[in-house]
Every structure is written in C-alpha cells, then in structure tokens.
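K.L.:
By the working numbering, the letter at position 1 of the sequence shown is numbered 1, and the numbering carries on one by one without gaps. No residue lacks a Cβ here, since even glycine has one placed at the ideal position from N, Cα and C. Here the structure is a predicted model, which means the values were calculated and not measured.
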Amino acid sequence: MSELRKDPISGRWVIISVERGKRPTDFVSPSQRKRGGFCPFCSGNEYTTPTEIMAFRPSGTKPDSPGWTLRIMPNKFPALQIYGDLNKIGEGIFDKMNGIGAHEVIVETPDHMQSLSTMPLKAVEDVLWAYYLRLTDLKKDRRFKYVLIFKNEGEAAGASLEHSHTQLIALPIIPKLVKEETDASKRYY
Numbered sequence: 001m002s003e004l005r006k007d008p009i010s011g012r013w014v015i016i017s018v019e020r021g022k023r024p025t026d027f028v029s030p031s032q033r034k035r036g037g038f039c040p041f042c043s044g045n046e047y048t049t050p051t052e053i054m055a056f057r058p059s060g061t062k063p064d065s066p067g068w069t070l071r072i073m074p075n076k077f078p079a080l081q082i083y084g085d086l087n088k089i090g091e092g093i094f095d096k097m098n099g100i101g102a103h104e105v106i107v108e109t110p111d112h113m114q115s116l117s118t119m120p121l122k123a124v125e126d127v128l129w130a131y132y133l134r135l136t137d138l139k140k141d142r143r144f145k146y147v148l149i150f151k152n153e154g155e156a157a158g159a160s161l162e163h164s165h166t167q168l169i170a171l172p173i174i175p176k177l178v179k180e181e182t183d184a185s186k187r188y189y
C-alpha cells in the first residue's frame with residue numbers, strides 16, 4: 001500500500017507509491033517506446049483493465065464490454081487505494097498515513113485516434129458530466145478532502161498511454177499550496 005508522508009521542512013504531503021513504478025513505459029527512453037500497437041483503452045480490450053466504475057453506454061450493453069462512449073475505472077497502477085483506514089501517526093518529527101484515496105482513469109472515447117480537442121461537442125459534454133458525477137460521488141466519502149482532475153497528454157507530460165484519457169485523484173488532505181491560495185482568496189474577498 002502507498003503512504004502519504006509530510007515533509008517536516010516544507011509542510012507538504014507527498015505520496016510514496018511503489019505501484020506507480022510498475023507502469024508499462026515508466027523509465028523507458030523515447031527510442032524504446034512503441035507507438036501504436038495494443039491499447040488497453042480501445043474498445044474490445046476491456047478485459048485488460050480493472051472493472052469499470054461507470055460507463056456511458058446504450059442500455060442493454062453489459063459492463064466491461066464494447067459499446068461504451070466513455071468509461072471510468074480504477075487506475076491499474078494506483079497512487080492511492082480506496083479501501084482501508086488512514087491510520088495517521090506521528091513518528092518523531094514525521095507525520096504519515098496510509099495511502100488512502102481514489103485514483104481513477106476516465107477514458108474519454110473508444111476511438112484511439114481522437115483527442116478531447118477533436119471530439120464532437122456532445123462527447124466533450126459527456127466528459128464534463130462524468131467529471132461532475134465522479135466528484136459528486138467521491139464527495140460523499142468523508143475521508144477525502146480534495147479531488148484533482150488532470151490530464152497528461154503525450155510523452156513530455158508523462159502519459160504512459162497514447163489513448164486520450166484523464167485521471168482523477170481524491171486525497172485525504174488538502175495540498176498545502178491549494179490551502180494557501182484558498183485562504184488568501186478568503187482574506188481578499
């Protein structure tokens with residue numbers, strides 16, 4: 001299981017996650033990476049991913065099968081785990097807790113070659129609606145204090161797969177910089 005540790009100097013929490021090191025193209029030079037080929041996010045390859053949390057699909061189609069237009073699943077190489085207790089403890093000057101949170105992947109389209117910028121407006125609306133639905137659902141879990149939705153597009157940004165997707169991470173803490181900016185906004189307004 002991953003762990004959150006608080007830096008005693010900066011006051012920032014960091015995630016220590018061995019699982020993230022098992023990603024398929026982590027630490028592979030660009031010349032060694034394969035373009036194209038098998039993609040776990042393409043329609044028909046649902047069996048290679050974790051069980052879907054939700055999907056936009058026509059009624060009558062089965063979960064974890066082709067026919068979807070948008071799919072959400074737990075990250076196969078999560079930074080945080082949804083199950084368990086935080087167990088926050090202090091050891092000397094160090095604070096730490098179990099890496100409890102959510103780490104999900106939102107596959108925005110079954111089409112490998114399509115990106116968010118080239119999708120029809122209705123499909124982009126569905127992506128935004130999916131963000132809202134996941135935020136609303138995760139907000140119910142009292143362990144989570146902050147949810148970040150982010151997109152790594154391309155190798156330079158750290159994406160390990162070409163297929164258009166977004167990630168969502170729910171944290172049991174509010175990141176220090178976010179808290180500072182929120183507090184400053186409250187003081188100003």
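By DSSP's criteria, Glu180 is part of a beta bridge. Which residues make up the other side?
P.N.:
Your numbering for residue 180 matches position 180 in the sequence shown. None; Glu180 has no bridge partner.
K.L.:
Helix, strand or coil: which one does DSSP assign to Tyr83?
P.N.:
As a first step, residue 83 must be located in the sequence shown, where it is residue number 83. Reduced to three states, the DSSP call for Tyr83 is coil.
K.L.:
Taking the runs of the beta strand (DSSP E) that are 3 residues or longer, which of them lie wholly in the stretch 82-160?
P.N.:
Segments of the beta strand (DSSP E) lying fully in the stretch 82-160: 89-91, 94-98, 102-107, 146-150.
K.L.:
Given Met73, which residues of its chain have a CB within under 8 angstroms of its CB, disregarding the five upstream and five downstream residues?
P.N.:
Indexing the sequence shown from 1 puts residue 73 at position 73. Same-chain partners within the cutoff: Thr49, Pro50, Thr51, Glu52, Ile53, Glu104, Val105, Val107.
K.L.:
Using a 10 Å radius around the Cβ and a threshold of 16 neighbouring Cβ atoms, would you call Phe150 buried or exposed?
P.N.:
Sequence index remark: in the sequence shown, residue 150 carries index 150 (1-based). Looking at its Cβ environment, which holds fewer than 16 other Cβ atoms inside 10 Å, Phe150 is exposed.
K.L.:
Give the C-beta separation of Gly99 and Ser17 to the nearest angstrom, bearing in mind that I take them to be a contact with Cβ-Cβ under 8 angstroms.
P.N.:
One-based indexing of the sequence shown puts residue 99 at position 99. One-based indexing of the sequence shown puts residue 17 at position 17. Right, their Cβ atoms sit about 6 angstroms apart.
K.L.:
Return helix, strand or coil for Lys76, following the three-state DSSP convention.
P.N.:
Stepping through the sequence shown from its first residue, residue 76 is reached at position 76. Lys76: coil per DSSP, three-state reduction.
K.L.:
Tell whether a beta-carbon distance below 8 angstroms holds between Ala170 and Leu121.
P.N.:
Counted from its first residue, the sequence shown places residue 170 at position 170. Counted from its first residue, the sequence shown places residue 121 at position 121. No, Cβ-Cβ distance for Ala170 and Leu121 is not below 8 angstroms.
K.L.:
I'd like the list of long-range same chain contacts for Leu177, defined as Cβ closer than 6 angstroms, with 5 residues on each side in sequence excluded.
P.N.:
As a working mapping, residue 177 is identified with position 177 in the sequence shown. None.
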